[in-house]
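Written as structure tokens, this is what we have:
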């Protein structure tokens, strides 16, 4: 059974930082592209960042320069370091794993940026 378990969300003030983690089980983690998506109230789910098995990274324009995605294959975990957070970053953040025609989602973790 595949599980992606996110942690690290919470309430932070504008300009602050958070680090999200996603621990995977039930997949051959090292061959999967891993990613983070987010969904704000009333909006569609959108890509935040991807990292391939080879370490290539992709970011949405809205987070480029502020967020960093990384992966630790030995600990089957993917991270999202979020700096200089803005109120518009408020959303539920979802972990994603994809390889060929397989993809999986985590349950999501809430990030709220507010003073």
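Residue numbers (the working numbering): 164 to 278.
Where is the CB? At the ideal position from N, CA and C, for every residue including glycine.
- The three-state reading of DSSP puts residue 264 in coil, since its state is none of H, G, I, E or B.
- According to DSSP, residue pairing for residue 170 in a beta bridge involves 184.
- The closest CA to that of residue 182, considering only 258, 208 and 172, is found on 172.
- For the set 207, 244, 238 and 239, the Cα lying nearest the Cα of residue 222 is the one of 244.
- Around the CB of residue 252, 16 or more other CB atoms lie within 10 Å, so the residue is classed as buried.
- Excluding five sequence positions before and after residue 189, the CB atoms of its chain that fall closer than 8 Å to its own CB belong to 164, 165 and 166, given in chain order.
- Rounded to the nearest whole angstrom, the C-alpha separation of residue 234 and residue 218 is 8 Å.
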